[in-house]
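Visitor: Following this message is one structure expressed as structure tokens.
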Amino acid sequence: MQMMHAVVVDHPGAPDVLSYREVPRPALKPGWSLVRVHGFGINHSEVFTRQGLSPSVEFPRILGIEVVGEVAATTAPDQFTTGQTVISIMGEMGRAFDGSYAEYVLLPNEQLYPITTDLSWAELAALPETGYTAYGALRGLRLQPQDHVLIRGGSSGVGMMAAKLAHALQPGIRVTSTTRHADKAATLQEQGADQVLTGELTHLPAAATFDKILDLIGPKTAKDSLQHLTPGGIVSSTGELGGQWAFDAFEPIGDIPNNRYLTSFSSGEVEPQLLQELVDLVTEKHVDIHPTKVFTLREVGLRPTRKLRAARAGESMLW
Numbered sequence: 000m001q002m003m004h005a006v007v008v009d010h011p012g013a014p015d016v017l018s019y020r021e022v023p024r025p026a027l028k029p030g031w032s033l034v035r036v037h038g039f040g041i042n043h044s045e046v047f048t049r050q051g052l053s054p055s056v057e058f059p060r061i062l063g064i065e066v067v068g069e070v071a072a073t074t075a076p077d078q079f080t081t082g083q084t085v086i087s088i089m090g091e092m093g094r095a096f097d098g099s100y101a102e103y104v105l106l107p108n109e110q111l112y113p114i115t116t117d118l119s120w121a122e123l124a125a126l127p128e129t130g131y132t133a134y135g136a137l138r139g140l141r142l143q144p145q146d147h148v149l150i151r152g153g154s155s156g157v158g159m160m161a162a163k164l165a166h167a168l169q170p171g172i173r174v175t176s177t178t179r180h181a182d183k184a185a186t187l188q189e190q191g192a193d194q195v196l197t198g199e200l201t202h203l204p205a206a207a208t209f210d211k212i213l214d215l216i217g218p219k220t221a222k223d224s225l226q227h228l229t230p231g232g233i234v235s236s237t238g239e240l241g242g243q244w245a246f247d248a249f250e251p252i253g254d255i256p257n258n259r260y261l262t263s264f265s266s267g268e269v270e271p272q273l274l275q276e277l278v279d280l281v282t283e284k285h286v287d288i289h290p291t292k293v294f295t296l297r298e299v300g301l302r303p304t305r306k307l308r309a310a311r312a313g314e315s316m317l318w
């Protein structure tokens, strides 16, 4: 039996439930491919799962809802070749079946997306869930050259990535980001925000208006965001950082001002061409996506507390 190293969660709990150890390498089965893991990022949903807040997940479980790597073995040689660079996101990875916190991960063939790129593994690992969500949401906002864009939840990983990608998509736009933490304002400006609003900001300043709003706080603030759009403006409510999953009450005629629009983006619906577009945009526009911190799998499993605290702040990538 071939073995590999992985970070296993035997039961829900604090970060110290993460256990770095040897486990059997997954065996190939019909309809699946084995991927050698080269990188992944920590996501909020994985932290929730580790804490026991995902009722459908059974333990023990190897977490990880995203991966970048190369095909090690496949049951679909007409689709994939050994050594081919691939990305995978979501699709119950790390939930219904073991995920990417490992040296190898077994994935359904339909969840593998080949990528052509010259990016390093560390750079590519910054993109799957965070980059895809930010890029997909920005595409839905239909950015125009002179737009003023607001990113609510700007200090999250998706928020900081969105600021960078927004400027790459439309160099003439202006980006304002929000954060609850005043000490993060300088970092947000370094990451692409032209202006930063700090504080709880459940309600934006009365006179503030924006052409497009990426609302990562979610239903807690989306109705307020709609009230601050210019005519023809769009809100994309993408994410639930505010901890609220649905509107308390929603009346379209009353809550959406005339000639304003509400949309969303779900990374659970993966469009392969968007992934390649994202990688190409980052490459062609020289977007700096290199993670500020890179850790080995062993470091994640043996000293998790500090690592996951950083990851929850959207500051850390792992590979």
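Here the sequence shown stands for residues 0 to 318, numbered as in numbering that gives the first Met the number 0.
All C-beta atoms, glycine included, are put in the ideal place defined by N, C-alpha and C.
1. Return the chain-ordered list of same chain residues with a C-beta closer than 6 Å to the C-beta of Thr81, the five sequence neighbours on each side being excluded.
2. Excluding five sequence neighbours on each side, which residues of the same chain lie with their C-beta closer than 7 Å to the C-beta of Val157?
3. Would you identify the three-state DSSP class for Leu196, choosing helix, strand or coil?
4. According to DSSP, is Ala13 part of a helix, a strand, or is it coil?
5. What does the alpha-carbon distance come out to for the pair Leu62 and Glu270?
6. Use the C-beta contact count for Gln190: other C-beta atoms within 10 angstroms, 16 or more gives buried, fewer gives exposed.
7. If we require 3 or more residues per run, which beta strand (DSSP E) segments fall completely within the region 189-261?
8. Which residues bound the alpha helix (DSSP H) around Phe58?
9. Among Gln83, Asp223, Gly267 and Val234, which has the Cα closest to the Cα of Ala248?
10. Have a look at Leu140 and Ile172 and give me their C-alpha separation to the nearest angstrom.
11. Just mark Pro127 as buried or exposed, buried being the case when its beta carbon has 16 or more other beta carbons within 10 Å.
12. Out of Gly253, Ala124 and Glu199, which one is the CA nearest neighbour of Ile41?
13. The beta strand (DSSP E) spanning Val34 covers which residue range?
14. State the beta-bridge partners of Ala5 as determined by DSSP.
15. Cα-Cα, which of Pro113, Trp120, Phe58 and Ser119 is closest to Phe96?
16. Taking 8 Å as the threshold (C-beta atoms), are Leu213 and Leu164 in contact?
17. Got a sec, what are the start and stop residues for the alpha helix (DSSP H) Val157 sits in?
18. By alpha-carbon positions, which one of Pro76, Asp254, Glu45 and Leu280 ends up nearest to Asp117?
19. Return the Cβ separation of Ser44 and Ile64 in integer angstroms, given the expectation that the two are a contact with Cβ distance under 8 Å.
20. Indicate whether Pro107 and Val85 have their beta-carbon atoms separated by less than 8 Å.
21. Suppose the cutoff is 8 Å on Cβ atoms and the five residues either side in sequence are ignored; what does the same chain contact list for Asn258 look like?
Guide: Here's the rundown:
1. Val70
2. Thr129, Thr132, Ala133, Leu215 and Gly238
3. strand
4. coil
5. 23 Å
6. buried
7. Taking only runs of at least 3 residues, the beta strand (DSSP E) segments lying wholly in the region 189-261 are 194-197, 209-214 and 228-236.
8. Element bounds for Phe58: n/a, residue is neither H nor E.
9. Checking every option, the nearest Cα to that of Ala248 belongs to Asp223.
10. 13 Å
11. buried
12. Ala124
13. Trp31 to Gly40
14. Arg20 and Ala101
15. Phe58
16. no
17. In the DSSP assignment, Val157 falls within the alpha helix (DSSP H) that extends over Gly156 to Leu168.
18. Leu280
19. 6 Å
20. Taking 8 Å as the Cβ cut-off, Pro107 and Val85 do not qualify as a contacting pair.
21. Pro230 and Gly231
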